[in-house]
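Data first, discussion second: the structure below is written as structure tokens.
Residue numbers (this note's numbering): 8 to 497.
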């Protein structure tokens with residue numbers, strides 16, 4: 008038996024999972040890392056801690072499964088996107104902590120480019136609306152605010168990229184400085200059509216393409232690693248994908264019009280639009296889905312900053328629940344007619360509103376609103392945000408809404424999935440595979456190695472949710488959501 012180790016490096020922690028010769032997922036192990044939130048609202052991760060955890064979970068996985076390390080055929084990596092690391096190409100030392108995708112510290116940089124009239128050119132070439140959400144402004148902020156980074160840039164030692172490129176660099180001992188097309192398309196520095204770094208846009212952010220990783224196919228060979236001695240000999244890293252792209256791939260959404268919604272810390276809603284980019288005029292972005300087997304696929308995408316993170320706030324900061332899995336039982340006790348809306352703009356609002364100055368709000372409470380009603384409003388706000396994006400995707404792609412495939416921790420919530428189906432008016436199919444991001448990257452690696460074939464895509468199982476809400480009630484509730492959002496954006 009030959010195996011793939013799939014690494015899923017996400018916002019909250021790092022997982023390692025074992026995929027067998029049939030592409031089936033086995034044991035999963037994980038290690039969390041610190042969420043560093045500064046008094047000014049900046050959000051950071053320690054890249055050294057993340058790297059140590061990547062090597063650590065690989066060792067944990069082998070220890071728990073007891074398999075022969077010599078049977079590991081290759082590695083796949085999925086990663087949190089937009090989170091940006093900058094480091095010294097000679098020493099490998101990072102210039103401070105990673106700037107997490109939730110962090111809007113690059114807002115002033117984007118505001119300046121907007122004032123200079125560069126926003127539309129950037130959107131047209133990269134497919135991404137100018138925003139501190141993406142990696143370019145984060146890397147530019149590091150260059151502007153750290154003298155050691157500026158000195159390294161002057162001496163040709165400055166490197167910046169998303170987490171995958173940093174991990175590949177470290178895992179290969181500095182031999183490979185590479186990223187895949189899906190991650191590159193989220194940096195706001197890559198031309199969508201040429202699949203290369205755009206020198207003019209790089210210059211606008213004070214950077215040079217030489218500071219950035221080589222852009223590769225998602226199933227390319229990225230180098231070899233032994234996880235700092237965990238394996239007896241180095242094995243190939245043969246698949247890298249951003250986590251949302253990897254989950255789309257894991258769902259088997261390889262045809263135009265197929266879409267998925269991931270319910271994690273944030274949410275990514277993606278629709279495969281085929282082999283040519285379509286630019287959104289209504290607040291969505293266009294990215295690369297992947298380039299696998301020599302074929303390029305694009306996606307329309309909308310990103311939500313706070314979905315599962317709203318439930319984390321309810322648990323850790325408000326103390327309304329002990330754990331997310333308790334939500335369904337509590338929501339059953341809520342008053343169905345309660346009109347409470349939560350607009351979770353804790354760090355602004357992403358697609359389709361793109362209002363980085365927006366502040367969160369609880370709206371519509373009555374004297375009878377209590378713990379159950381607030382938790383219910385949390386699940387509902389997640390579904391409303393997804394509905395905003397899916398409706399626009401249908402309009403812009405011209406593809407009729409037929410179904411949405413769901414994954415991530417939130418997809419295990421019965422109320423959330425049913426309410427999502429009701430607000431969209433179409434079936435929602437929640438995957439029983441909680442690790443689609445890691446699975447998708449592992450499948451890409453196995454395909455690149457010739458270990459897997461097309462049969463892997465027929466092995467997923469889903470829980471189906473059908474819409475039950477009347478059209479009148481659906482409209483009433485959604486209109487209330489849009490009213491609450493309007494008040495936040497005033």
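In this text, a Cβ means the ideal position worked out from N, Cα and C, and glycines have one as well.
How many angstroms separate the CA atom of residue 229 from the CA atom of residue 401? In a straight line, the C-alpha of residue 229 is about 36 angstroms away from that of residue 401.
How far does the beta strand (DSSP E) with residue 426 in it reach, from first residue to last? From DSSP, residue 426 is part of no beta strand (DSSP E) but of the alpha helix (DSSP H) over 421-431.
Note down, in chain order, each residue of its chain lying with its Cβ closer than 6 angstroms to the Cβ of residue 183, except the 5 sequence neighbours on either side. A distance below 6 angstroms between beta-carbons, with the five flanking residues on each side excluded, links residue 183 to the following residues of its chain, in chain order: 175, 229 and 230.
C-alpha gap between residue 495 and residue 489, whole angstroms: Roughly 10 angstroms separates the two Cα atoms.
Alpha-carbon to alpha-carbon, residue 288 and residue 256: Rounded to the nearest whole angstrom, the CA to CA distance from residue 256 to residue 288 is 26 angstroms.
What is the residue span of the beta strand (DSSP E) that residue 243 lies within? Segment 242-249, the beta strand (DSSP E) holding residue 243.
Any beta-carbon of chain D closer than 8 angstroms to the one on residue 438? Of the chains in the structure shown, none is chain D; there is only one protein chain.
Could you pull the DSSP bridge partners for residue 297 from this structure? According to DSSP, which records beta bridges pairwise, residue 297 is partnered with 304.
Going by other Cβ atoms of all chains shown within 10 Å of its Cβ, with 16 needed for buried, is residue 136 buried or exposed? That one is buried.
Using 8 angstroms for Cβ pairs, my map puts residue 50 next to residue 92. What's the rounded Cβ distance? Between residue 50 and residue 92 a beta carbon distance of about 14 angstroms is seen, past the 8 angstroms cut, so the two are scored as non-contacting.
Are residue 185 and residue 221 closer than 8 angstroms when you measure CB to CB? Result yes, Cβ atoms of residue 185 and residue 221 sit closer than 8 angstroms.
Kindly indicate which residue of 90, 45 and 478 has the alpha-carbon position closest to the one of residue 143. Between residue 143 and the set 90, 45 and 478, the nearest pair of CA atoms involves 90.
Would residue 30 and residue 463 qualify as a contact pair, given that the criterion is a beta-carbon distance under 8 angstroms? In this structure, residue 30 sits near residue 463, with a CB-CB distance shorter than 8 angstroms.
Would you call residue 3 buried or exposed, if buried means 16 or more other Cβ atoms sit within 10 Å of its Cβ? Nothing about residue 3 can be read from this structure; the chain reaches only from 8 to 497.
Whose CA, out of 187, 61, 269 and 311, lies closest to the CA of residue 140? The shortest Cα separation from residue 140 among 187, 61, 269 and 311 belongs to 311.
Here's the rule I'm using: 16 or more other beta-carbon atoms within 10 Å means buried, otherwise exposed. How should residue 294 be labelled? The residue in question, residue 294, is buried, as its Cβ has 16 or more Cβ neighbours within 10 Å.
Just to confirm my understanding: we take residue 179, look at its own chain, exclude 5 residues before and 5 after, and list those with CB closer than 7 angstroms. What are they? Answer for residue 179: 230, 231 and 232, listed in chain order.
Tell me whether the beta-carbon of residue 251 lies closer than 8 angstroms to the beta-carbon of residue 275. Judged by beta-carbon spacing, residue 275 lies within the 8 angstroms limit of residue 251, meaning their Cβ atoms are closer than that value.
Can the beta-carbon of residue 21 be found closer than 8 angstroms to that of residue 38? At a Cβ-Cβ threshold of 8 angstroms, residue 21 and residue 38 count as neighbours.
State the start and end residues of the unbroken alpha helix (DSSP H) segment that holds residue 383. Segment 378-404, the alpha helix (DSSP H) holding residue 383.
Candidates 321, 190 and 94: closest to residue 154 by CA position: Measuring from the Cα of residue 154, the nearest candidate turns out to be 94.
Option in 214, 213 and 191 with minimal Cα separation from residue 203: Among 214, 213 and 191, the Cα nearest to that of residue 203 belongs to 191.
Looking at the ligand ADP, does it come within less than 7 angstroms of residue 217, judged from the CB to the closest heavy atom? For the structure depicted, the ligand ADP is absent and the ligand set is empty, with no information on it obtainable.
Determine the DSSP secondary structure at residue 68, reduced to helix, strand or coil. Helix.
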